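**Student:** Residue numbers (the working numbering): 1 to 327.
My questions all concern the structure below.
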Ligand code: KG4
Ligand code: ZN
């Protein structure tokens, strides 16, 4: 079954064709990230205008790269939540019109869940065996930090989420207050490698007894530290901040795997690209008999292959609501 996925929840306009929920035939992404860099964060108005300019070309390019036409597509999947309203509307309107005109079923997909699903996508060069369920999902991106209990593709329960800043948002805000640029995650990741020699004690919010996360106190602690110590070493601040985020994420994810008896941890979202997080989770997984999976970098960031893939597993269900029949 060929599913055409469409993703426009934030600053990426993406379309992809995926066969049987696994095989990625095409994966096209246009990003307006550079247009937002001077503002230090995403400007919703700019993002939605760029979505309108890109959507048509991106969708038809994904069909061309997959060497198919609309006639070969069995269903269309689109991100309907969560995201920026203006950006979401562009993808949803386009997908609805396309599905109606081409008489294809339309499947609604949740963007956050699609991030953990990205671990099931395979390109011709990917040889890893598919992850086993039950699993725990850890989604860490610019907009979300969420833990899921995944019994199977259709039985997914949210265990906890951030109460304030998302992990990626914390990276971006701390990078901004250190004058490092945007997006901050990759810059802090790189800088932190040279700041390992001296650790500053920043808070690690545990929120005892809960799977929720909180990163705003950590961000404020970094702000106060830099105000009090004008001669601070930026690499050490970057390393110590990153260590606090990673140790909270690792601790909660491994605890969730143990409590839910999951042998697999599916990590997804932009922060899954973080080298220190990868290193720590893999080590913790080895010590606890848990297989820790990360998607390749292209599938960590926002993309439509993860939308098309999850739609294959969830079509017809409340989470993957099929909103338009073919009859
Ligand atoms: O998943 P994503 O592309 O978009 C959202 O759905 O939010 O994630 C973007 C986020 C940004 O906050 C960015 O700073 C962060 O992912 N990020 C990283 C790294 N690469 C991207 N954070 C930490 N380390 C990285 N290497
Ligand atoms: Zn995302």
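Here a beta-carbon is modelled for each residue, glycine too, at the ideal position from N, C-alpha and C.
None of the values given here were measured: they were computed from a predicted structure.
Would a C-beta distance cut-off of 8 Å place residue 271 and residue 293 closer than the cut-off?
**Tutor:** no
**Student:** Could you check what DSSP says for residue 64 in three-state terms: helix, strand or coil?
**Tutor:** In the structure shown, residue 64 sits in a helix (DSSP, three-state: H, G or I).
**Student:** Quick check on this structure: which residue in 111, 131 and 129 has the alpha carbon closest to the alpha carbon of residue 143?
**Tutor:** The shortest Cα separation from residue 143 among 111, 131 and 129 belongs to 111.
**Student:** Compare the Cα-Cα distances from residue 116 to each of 146, 39 and 91 and report the closest residue.
**Tutor:** 146
**Student:** When you compare only the Cα positions, how much space is there between residue 44 and residue 32?
**Tutor:** 11 Å
**Student:** Could you please give the first and the last residue of the uninterrupted alpha helix (DSSP H) stretch that includes residue 285?
**Tutor:** 275–288
**Student:** Quick one: does the C-beta of residue 301 sit closer than 7 Å to a heavy atom of the ligand KG4?
**Tutor:** yes
**Student:** Using only the heavy atoms of the ligand KG4, determine whether one of them is closer than 7 Å to the beta carbon of residue 244.
**Tutor:** no
**Student:** Looking at the structure shown, is residue 326 part of a helix, part of a strand, or coil, going by DSSP?
**Tutor:** Model confidence at residue 326 stands at a pLDDT of 43, short of 50, so the residue's coordinates are unreliable; what they give is reported in the following sentence. DSSP, reduced to helix, strand and coil, places residue 326 outside both helices and strands of the structure shown, so it counts as coil.
**Student:** Tell me whether residue 202 counts as near the ligand KG4, meaning its Cβ is closer than 7 Å to at least one heavy atom of that ligand.
**Tutor:** no
**Student:** Using alpha carbons as the reference points, say which of 252, 149 and 177 lies closest to residue 210.
**Tutor:** 252
**Student:** Using CA atoms only, rank isn't needed, just tell me which of 169, 66 and 14 is closest to residue 94.
**Tutor:** 14
**Student:** Using a Cβ-Cβ cutoff of less than 6 Å, which residues in the same chain neighbour residue 191 once the five nearest sequence positions on both sides are dropped?
**Tutor:** 235 and 238
**Student:** Just the C-alpha distance for residue 1 and residue 154, rounded to the nearest angstrom, thanks.
**Tutor:** Roughly 18 Å separates the two Cα atoms.
**Student:** Under a three-way DSSP split, which group does residue 241 fall into?
**Tutor:** The three-state reading of DSSP puts residue 241 in helix, counting H, G and I together.
**Student:** What are the partner residues of residue 144, as DSSP defines its beta bridges?
**Tutor:** Paired residue(s): none; residue 144 is not in a bridge.
**Student:** Determine contact between the segment 248–265 and the segment 275–285, defined as no fewer than three beta-carbon pairs at a distance below 8 Å.
**Tutor:** yes
**Student:** Could you confirm whether any beta carbon from chain C is found closer than 8 Å to the beta carbon of residue 12?
**Tutor:** Here there is only one protein chain, and chain C is not present.
**Student:** Using CA atoms only, rank isn't needed, just tell me which of 47, 77, 6 and 50 is closest to residue 312.
**Tutor:** 77
**Student:** Within the chosen definition, does the segment 56–73 reach the segment 24–43 through at least 3 CB pairs nearer than 8 Å?
**Tutor:** Contact between the segment 56–73 and the segment 24–43 is present: 3 or more CB-CB pairs across the two stretches fall below 8 Å.
**Student:** CA-CA distance, residue 213 and residue 207?
**Tutor:** Distance between the alpha carbons of residue 213 and residue 207: 7 Å.
**Student:** Based on DSSP bridge pairs, tell me the residues matched to residue 12.
**Tutor:** Answer by DSSP bridge pairing, in chain order: 31.
**Student:** Hey, could you find the ends of the beta strand (DSSP E) residue 79 is sitting in?
**Tutor:** In the DSSP assignment, residue 79 falls within the unbroken beta strand (DSSP E) covering 75–81.
**Student:** Just the Cα atoms here: how many angstroms apart are residue 82 and residue 177?
**Tutor:** Distance between the alpha carbons of residue 82 and residue 177 is about 27 Å.
**Student:** Is any heavy atom in the ligand KG4 found nearer than 7 Å to the beta carbon of residue 186?
**Tutor:** Yes; taking the cut-off as 7 Å, the Cβ of residue 186 has a heavy atom of the ligand KG4 nearer than that.
**Student:** Counting only the same chain and skipping the five closest in sequence on each side, list residues whose C-beta sits under 7 Å from that of residue 141.
**Tutor:** 115, 166, 168, 269, 270 and 271
**Student:** Hey, quick one: how far does the beta strand (DSSP E) through residue 161 stretch, first residue to last?
**Tutor:** Element bounds for residue 161: 155–161.
**Student:** Is any heavy atom in the ligand ZN found nearer than 7 Å to the beta carbon of residue 146?
**Tutor:** Not so, every heavy atom of the ligand ZN lies at least 7 Å from the Cβ.
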